[in-house]
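One structure is given here, and the rest of the page talks about it.
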């Protein structure tokens with residue numbers, strides 16, 4: 028299975044030389060290959076915001092792949108949509124397109140599935156990645172993979188920080204500037220409720236000087252270092268543990 032998945036990445040890399048860079052940018056071959064290696068062995072339903080090389084990959088490894096993105100075909104050969112739809116490797120019959128800003132399309136989408144993989148890589152401005160996370164997280168299967176791209180951007184890094192401490196997900200790996208998480212067996216956090224005090228990220232950061240919140244304090248010393256701070260030239264916070272080792276590896280390899 029790993030050989031098959033790696034072969035897909037290599038074929039994409041070979042085919043990619045015939046295309047001009049598409050407007051939204053693209054995963055490097057090394058990053059895409061590693062993401063493939065981390066995917067579940069069997070993928071029935073997957074989804075992503077944005078499109079490109081990842082869409083080519085998902086069309087090969089997923090039975091049903093849904094893409095939420097802008098229709099940028101007016102850009103011609105530099106279009107991200109044209110890029111993957113025209114690629115001979117893409118299995119377009121497996122891809123369902125939902126065109127439009129995700130800020131509009133996700134709230135009205137009526138056909139969410141139990142997803143084995145979700146990639147968040149749509150609009151990067153705050154709070155748009157959070158909106159995408161909100162609409163996808165209730166639909167992820169236990170054991171499914173959630174991928175959040177561009178965590179070196181401070182606001183997206185903060186989203187990854189939150190997910191990394193949440194009971195619903197466990198950090199898997201930081202691949203260059205892309206964070207990978209695995210859905211746990213924890214119950215789905217009520218998307219129509221509140222319960223902020225039960226969420227680990229908040230739980231660990233309740234001010235100690237507020238007595239009326241004392242019962243909610245979780246002092247387990249398990250705060251994770253911020254994702255975005257690891258990519259600063261002069262870090263403002265000390266990195267540690269899992270993320271420190273991963274970021275050091277990235278910087279040493281020149282990713």
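Numbering (the numbering used here), first residue to last: 28 to 282. Where a beta carbon is used, it is the ideal one built from N, C-alpha and C, also for glycine. Just so you know, these numbers come straight off a predicted model, no measurement behind them.
By the three-class DSSP mapping on this structure, what secondary structure does residue 211 have?
coil
Find out if the Cβ-Cβ distance for the pair residue 204, residue 178 is shorter than 7 Å.
yes
Going by beta carbon distance, what residues of the same chain come within less than 8 Å of residue 115, once the five residues before and after it are set aside?
42
What residue range is occupied by the uninterrupted beta strand (DSSP E) comprising residue 196?
196-202
Taking residue 106 as the reference, which of 146, 232, 144 and 53 has the closest Cα?
53
Residues of its chain near residue 74, where Cβ-Cβ distance is below 6 Å and the 5 sequence neighbours each way are ignored
93, 142 and 145
Span separating the alpha-carbon of residue 89 from that of residue 240:
45 Å
For residue 186, is the classification buried or exposed, using 16 other Cβ atoms within 10 angstroms of its Cβ as the cut-off for buried?
buried
Between residue 9 and residue 207, is the Cβ-Cβ spacing less than 7 Å?
Outside the shown range of the chain, which is 28 to 282, sits residue 9, and nothing can be said about it.
How is residue 261 classed by DSSP in three states: helix, strand or coil?
Confidence at residue 261 is low in this model, with a pLDDT of 41, below 50, so the placement of that residue is unreliable and no value is reported for it.
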